[in-house]
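Note that my numbering has the sequence shown beginning at 4, numbered continuously upward. A virtual CB, placed ideally from N, CA and C, is assigned to each residue, including glycine.
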Amino acid sequence: MSILIFADQAQGKIKKSALEAVQYGAKVAEQLGTTATALVLGPVESAELETLGYYGAQKVLHASDARLHEVETTVYTKIIAEAAGKEGSKVIIFPSNFDGKALAPRLSARLKAGLVAGAISYPDTSNGFVVKKNVFSGKAFANVNITSEVKIIAIMPNTFAISAGTNKATVEAFTPAINDADFKVKVIRTETVSGEVPLTEAEIIVSGGRGMKGPENWGMLEDLAKALGAATASSRPVADAGWRPHHEHVGQTGLTVRPNLYVAIGISGAIQHLAGVNGSKVIVVINKDPEAPFFKAADYGIVGDAFDVVPKLTEAVKKYKQ
Ligand code: FAD
């Protein structure tokens, strides 16, 4: 009865979200006196797979089938269910990112398993199997008791710190019972934006809101981001207006980020935005309105016009770095 962890990969590289899920799963396994098995789908080098052991997986089940290089939810769900059956897993862990959010509910329906999505705690097994999650955009918590035999937990990204050990995992090849007819959706083209730091893994994020007035002013934020070695993000209205791509939007309906430094420029600090950023270690807010709600969540605040403050800040950062 091993704990099964869905460890996601992109272009053959294990993602940080997978490491978080594996380490979380390993801790749950320790708690329950069992082992942790990571499941990796798609082509990934064995040396890369073994490193999942550093995060607590004893074993890695690897389905190297090239057709699995991209997430296809129907096929993936079928395979994860098969792997769970093979391992006799009663607890299955996912990252609560876009893929995890698509897969965990499907698996939950398939296995008739209770699911907690967006978990922010380890299960408390002193009285049931209780997992904590944020509700109402982080305004409140819910402690959810999963009473079904099979339990699924999708963990909130950037919430559980990871640290690497030295034990390598054993890699076991896994050939799931799938055929071409199982692939209902075919990915024809994927677009990757090169040269950018992935938002969910960025240590520093420079983020802009409607106060930036328009997409033509983003160069200013990009200059600051470049000087700081940061990724860029935005509030939701900015993405809705098409000023920035949707994959940059953070908050309740976007990405959850947890950088060391989050610089919010011309963002009011609505609760739905804060829900995605309030785990950041240090928050700096630049806003011309001293009453902007974001200042309440800020570690440092600058009341001023972004068009005046940001270029000066960029110059100061560049000078400091010389
Ligand atoms: P505004 O609220 O318009 O704020 C702009 C800010 O810029 C103001 O504080 C203003 O003082 C300041 N400003 C203006 N000019 C300047 C200047 N020259 N210099 C400095 N500052 C300036 N929002 C998200 O961001 N992410 C989400 O995931 C999200 N999910 C949502 C889900 C639901 C169900 C709902 C109802 C809403 C959601 N929203 C989300 C929207 C959210 O409620 C806010 O409307 C949004 O965050 C506001 O974006 P903003 O701060 O960029 O714009």
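Under 7 Å between C-beta atoms of residue i and residue j
i: residue 123; j: residue 135; result: yes
i: residue 154; j: residue 132; result: yes
i: residue 46; j: residue 72; result: yes
i: residue 275; j: residue 254; result: yes
i: residue 27; j: residue 95; result: no
i: residue 25; j: residue 60; result: yes
i: residue 282; j: residue 261; result: yes
i: residue 258; j: residue 173; result: no
i: residue 170; j: residue 56; result: yes
i: residue 11; j: residue 102; result: yes
i: residue 90; j: residue 7; result: yes
i: residue 151; j: residue 117; result: yes
Of the listed residues the options, nearest to residue i (C-alpha basis)
i: residue 222; options: 317, 117, 30; result: 317
i: residue 320; options: 247, 156, 110, 228; result: 228
i: residue 264; options: 240, 157, 303; result: 303
i: residue 247; options: 270, 17, 217; result: 217
i: residue 87; options: 175, 306, 183, 9; result: 9
i: residue 48; options: 13, 78, 234; result: 13
i: residue 129; options: 119, 149, 110; result: 149
i: residue 58; options: 107, 29, 112, 70; result: 29
Cutoff 8 Å; reference residue i; Cβ partners in own chain excluding five residues on either side
i: residue 294; result: none
Beta-carbon proximity list for residue i, same chain, < 6 Å, skipping 5 on both sides
i: residue 23; result: 163, 165
i: residue 266; result: 209, 287
i: residue 249; result: 242
i: residue 38; result: 5, 32, 61
i: residue 180; result: none
Limits of the alpha helix (DSSP H) - the one that residue i falls within
i: residue 20; result: 19-35
i: residue 55; result: Neither: residue 55 is in no alpha helix (DSSP H) and is coded neither H nor E.
i: residue 278; result: 274-280
i: residue 314; result: 309-324
Residue span of the beta strand (DSSP E) that contains residue i, given as start and end
i: residue 62; result: 62-66
i: residue 8; result: 6-9
i: residue 306; result: 303-306
i: residue 128; result: It is not in any beta strand (DSSP E) - residue 128 carries neither H nor E in the DSSP assignment.
i: residue 211; result: 207-211
i: residue 97; result: 94-98
Residues near residue i in its chain [Cβ-Cβ closer than 7 Å; skip 5 each side]
i: residue 308; result: 291
Q.
Taking 5 Å as the limit, name every residue whose beta carbon sits nearer than that to some heavy atom of the ligand FAD, in sequence order.
A. Listed along the chain, these residues meet the criterion: 212, 213, 214, 238, 239, 240, 254, 255, 256, 257, 269, 270, 271, 273, 275, 276, 290, 291, 292, 295, 308, 309.
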